[in-house]
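To start, the structure itself, in structure tokens.
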Amino acid sequence: LLLLGLQEHGYYASFGYQVTSPLAPAERFGPPSELQALVDAAHGRGLLVLGEMVLAHSASSSTGREGLPQHAGGGPYFLPGEAGHHPGWGSRLFDYSRTEVLRLLLATIAHFAEAYRLDGFRLDAASTVLYRHRCL
Numbered sequence: 008l009l010l011l012g013l014q015e016h017g018y019y020a021s022f023g024y025q026v027t028s029p030l031a032p033a034e035r036f037g038p039p040s041e042l043q044a045l046v047d048a049a050h051g052r053g054l055l056v057l058g059e060m061v062l063a064h065s066a067s068s069s070t071g072r073e074g075l076p077q078h079a080g081g082g083p084y085f086l087p088g089e090a091g092h093h094p095g096w097g098s099r100l101f102d103y104s105r106t107e108v109l110r111l112l113l114a115t116i117a118h119f120a121e122a123y124r125l126d127g128f129r130l131d132a133a134s135t136v137l138y139r140h141r142c143l
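Residue numbers for the sequence shown follow the numbering used here, so the first one is 8 and each next one is one higher.
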């Protein structure tokens, strides 16, 4: 069972790909206890449960009131300048050379694995992480 739109995302039409709170489960799954119950029920039926993680990019906020801190210089998590923006998605791209970014993303995976007992993950937009020309 693959759970899409797992992380909290404020923009519903993004289908979960404009993550605003990477460590929080999307409210669409109900309170955290209901997400845990869903995973437990799937396990009870012999299913593995995978969660799709959006770790290549994050929501871009023009107001700075939602999502991770960001500014023109990139902030603590994003690439600076134009390199930090994905024009096709309207999102910000993480700067993987920063220890803070790696810790945040690894902590996100560890949190969902431990708190919700997920069996594995699908990483969205992996090509964007690997290739600087931002494949679509």
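Each residue gets a CB set at the ideal place from its N, CA and C atoms; glycine is no exception.
Under DSSP, Gly127 forms a beta bridge with Leu57. From the listed residues Phe85, Ala63, Leu112 and Asp47, the smallest Cα separation to Tyr138 is found for Ala63. Residue burial annotation: Pro29 is buried, with at least 16 other C-beta atoms found within 10 angstroms of its C-beta. Three or more Cβ pairs closer than 8 Å define a contact, and the stretch 91-100 falls short of that threshold against the stretch 110-125. Taking the Cβ atoms as the reference, Glu59 lies roughly 7 Å from Leu10, within the contact range of under 8 Å. For Pro32, the beta-bridge partners assigned by DSSP are Gln14.
Taking C-beta atoms as the reference points, Ala33 and Gly53 fail to come closer than 8 Å.
According to the DSSP assignment, Leu100 belongs to the beta strand (DSSP E) that extends over Ser98 to Leu100.
Under the 10 Å beta carbon count, Ala133 is surrounded by fewer than 16 other beta carbons and is classified as exposed. In this structure, Leu55 places its C-beta atom within 8 Å of the C-beta atom of Asp126. Taking 8 Å as the cut-off, the Cβ atoms of Val46 and Gln14 do not count as close.
Leu9 carries a strand assignment under DSSP once its states are collapsed to helix, strand and coil. Scanning its chain for C-beta atoms nearer than 8 Å, with the 5 sequence neighbours on each side dropped, one finds around Leu57 the residues Leu8, Leu9, Leu10, Leu125, Asp126, Gly127, Phe128 and Arg129, in chain order.
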